[in-house]
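Peer 1: Per full-length UniProt numbering, residue 1 is the first one in the sequence shown, and the count goes up by one each step. Pasting a structure here, questions to come.
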Amino acid sequence: MKQTITSPLVTAQWLEQHLDNDNLIVLDASMEKVVGKSPILYDTFSCIPGAKKLDLENELCDLTSNQTHAFPTTAQFIEITSELGITQTSQVVIYDNQGIYSSPRAWWIFKVMGFDHVYVLDGGLPQWLADNRVTAERFSSSMLVDSASVDSIIKSGCELKVNVQDAWVCDSTYLLDKLSDKETSIFDARGAGRFSGQAPEPREGVRSGHIPNSVNLPFSQVLAGHGLKTAEELQQIFAGLANEQDTQRVFSCGSGITACILILASVEAGYHHNVLYDGSWAQWGRDHKLPIE
1 MKQTITSPLV TAQWLEQHLD NDNLIVLDAS MEKVVGKSPI LYDTFSCIPG AKKLDLENEL
61 CDLTSNQTHA FPTTAQFIEI TSELGITQTS QVVIYDNQGI YSSPRAWWIF KVMGFDHVYV
121 LDGGLPQWLA DNRVTAERFS SSMLVDSASV DSIIKSGCEL KVNVQDAWVC DSTYLLDKLS
181 DKETSIFDAR GAGRFSGQAP EPREGVRSGH IPNSVNLPFS QVLAGHGLKT AEELQQIFAG
241 LANEQDTQRV FSCGSGITAC ILILASVEAG YHHNVLYDGS WAQWGRDHKL PIE
């Protein structure tokens, strides 16, 4: 099935037509906690047929870090993808139950780990249901290989197949150095109230305000209905906000989740020098050594 898809998105129609392909892996990256929007609630559980659960909150994050929703280690990623039966030849489609919310985070993790054939389902489960497409009542079994086999895969040097793009994720030290860089645009995906410091932060001990010289682009502004706005609309949005001479865009939010919605939008708009500030405001706002506005 491996075919060239130039967009980071696939449609529900495309996915339905390819569900029976053995090389396709469908992942549900829905999160229990939804921040920054009114969550879509469901009376009964349903998922896309054949989908496997990808736990962003408890498995695909570094729980040893004091950072909220910290980026997973390479070893974690290898272990989880091995359990899911994913290889570099797999074609991976990721969705969530809010439309486009947490799926871009999972997509960006895969991209940073060097996976080319990974996509977000535009509109996610809500669009799938709105189209009256067939659903399943439970996830497909995630564990396709036993733990001993996973250990063997990791010890055999599977890490060499993971081509980590370190420059696509940054820390506060890197970002602090870029605050006055005219070739770097910094975007904050939080709502306007939190960005301006008028609305309280949801996490204790985190200051109100924003990173100096950053631009507010609430993630809701790049969405239309359940899905992403068109490439042309996104190009216009970024053209009005980005530095004209920028060579990279750094994206932040509350804890590194919704910033990835903006990264998805930036890629869809045709821009490819995107960086996630993984610590985001949960880290920056808590560190009193870092400047705020």
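Note that CB positions come from ideal geometry on N, CA and C, so glycine has one too.
Determine the extent of the beta strand (DSSP E) in which arginine 249 is found, giving its start and end residues.
Peer 2: Stepping through the sequence shown from its first residue, residue 249 is reached at position 249. Where arginine 249 is concerned, the enclosing beta strand (DSSP E) stretches over 248–252.
Peer 1: By DSSP's criteria, tyrosine 95 is part of a beta bridge. Which residues make up the other side?
Peer 2: Position 95 of the sequence shown holds residue 95. Per DSSP, Asp28.
Peer 1: Please classify serine 147 as buried or exposed, where buried requires at least 16 neighbouring CB atoms within 10 angstroms.
Peer 2: For this step, residue 147 is matched to residue 147 along the sequence shown. Reliability fails at serine 147, whose pLDDT of 49 lies under 50, so the model's placement of it is uncertain and the value that follows must be treated cautiously. Classification of serine 147: exposed, given that the 10 Å Cβ count is below 16.
Peer 1: Determine the direct distance from the alpha carbon of serine 266 to that of aspartate 131, and round the result to whole angstroms.
Peer 2: Locating residue 131 in the sequence shown gives position 131, where the first residue counts as 1. Locating residue 266 in the sequence shown gives position 266, where the first residue counts as 1. Going from the Cα of aspartate 131 to the Cα of serine 266 covers about 27 Å.
Peer 1: Please name the residue in Leu60, Ile100, Trp168 and Gly99 whose C-alpha comes closest to that of lysine 111.
Peer 2: Numbered from 1 along the sequence shown, position 111 holds the residue referred to as residue 111. Lysine 111 has its Cα closest to that of Trp168, out of Leu60, Ile100, Trp168 and Gly99.
Peer 1: Determine the burial state of lysine 52: buried for a count of at least 16 other Cβ atoms within 10 Å of its Cβ, exposed for fewer.
Peer 2: One-based indexing of the sequence shown puts residue 52 at position 52. Buried, by the Cβ-count rule.
Peer 1: Rounded to the nearest angstrom, what separates phenylalanine 219 and valine 250 at their Cα positions?
Peer 2: Locating residue 219 in the sequence shown gives position 219, counting from the first residue. Locating residue 250 in the sequence shown gives position 250, counting from the first residue. Rounded to whole angstroms, phenylalanine 219 to valine 250 spans 14 Å at the Cα level.
Peer 1: Where glutamate 293 and leucine 63 are concerned, what is the direct C-alpha to C-alpha distance, given to the nearest angstrom?
Peer 2: Looking up residue 293 in the sequence shown gives position 293. Looking up residue 63 in the sequence shown gives position 63. Rounded to whole angstroms, glutamate 293 to leucine 63 spans 30 Å at the Cα level.
Peer 1: Could you name the residues of the same chain whose beta carbon sits closer than 7 Å to that of lysine 161, not counting the 5 residues immediately before and after it, in chain order?
Peer 2: To locate residue 161, count along the sequence shown from 1; it is residue 161. So the qualifying residues of the chain are Gln88.
Peer 1: Looking only at its own chain, which residues have a Cβ that is under 6 Å from the Cβ of histidine 288, when we skip the five neighbours before and after it?
Peer 2: In the sequence shown, the residue the question calls residue 288 occupies position 288. For histidine 288, where only same-chain residues beyond five positions count, there are no Cβ hits under 6 Å.
Peer 1: Rounded to the nearest angstrom, what separates phenylalanine 139 and phenylalanine 45 at their Cα positions?
Peer 2: For the purposes of this step, residue 139 is taken as residue 139 along the sequence shown, with counting starting at 1. For the purposes of this step, residue 45 is taken as residue 45 along the sequence shown, with counting starting at 1. The straight-line gap from Cα to Cα measures roughly 10 Å.
Peer 1: Excluding the 5 residues flanking alanine 231 on each side, which residues of the same chain have their C-beta closer than 6 Å to its C-beta?
Peer 2: Here residue 231 refers to the residue found at position 231 of the sequence shown. Excluding positions up to five away in sequence, the list reads Glu268 and Ala269.
Peer 1: Could you round the C-beta distance between glycine 124 and tyrosine 95 to whole angstroms and report it? I think they count as a contact, below 8 Å.
Peer 2: Position 124 of the sequence shown, counted from the first residue, corresponds to residue 124. Position 95 of the sequence shown, counted from the first residue, corresponds to residue 95. Indeed, because the Cβ distance is near 4 Å, the residues count as touching under 8 Å.
Peer 1: To the nearest angstrom, how far is it from the Cα of glycine 85 to the Cα of valine 93?
Peer 2: Looking up residue 85 in the sequence shown gives position 85. Looking up residue 93 in the sequence shown gives position 93. Their backbone Cα atoms lie some 14 Å apart in a straight line.
Peer 1: Span of the alpha helix (DSSP H) holding aspartate 177?
Peer 2: Indexing the sequence shown from 1 puts residue 177 at position 177. Unbroken alpha helix (DSSP H) run through aspartate 177: 172–178.
Peer 1: Under a three-way DSSP split, which group does leucine 228 fall into?
Peer 2: Translated into the one-based positions of the sequence shown, residue 228 becomes position 228. The answer is strand: DSSP assigns leucine 228 an E or B state.
Peer 1: Determine, using beta carbons only, whether leucine 264 and phenylalanine 187 come nearer to each other than 7 Å.
Peer 2: For the purposes of this step, residue 264 is identified with residue 264 of the sequence shown, where counting begins at 1. For the purposes of this step, residue 187 is identified with residue 187 of the sequence shown, where counting begins at 1. Not in contact: leucine 264 and phenylalanine 187 (Cβ atoms no closer than 7 Å).
Peer 1: So, do the stretch 182–197 and the stretch 207–224 have three or more beta carbon pairs nearer to each other than 8 Å?
Peer 2: Touching, yes.
Peer 1: Let me know the secondary structure DSSP gives valine 222 once reduced to three states.
Peer 2: Looking up residue 222 in the sequence shown gives position 222. DSSP places valine 222 in helix when its eight states are reduced to three.
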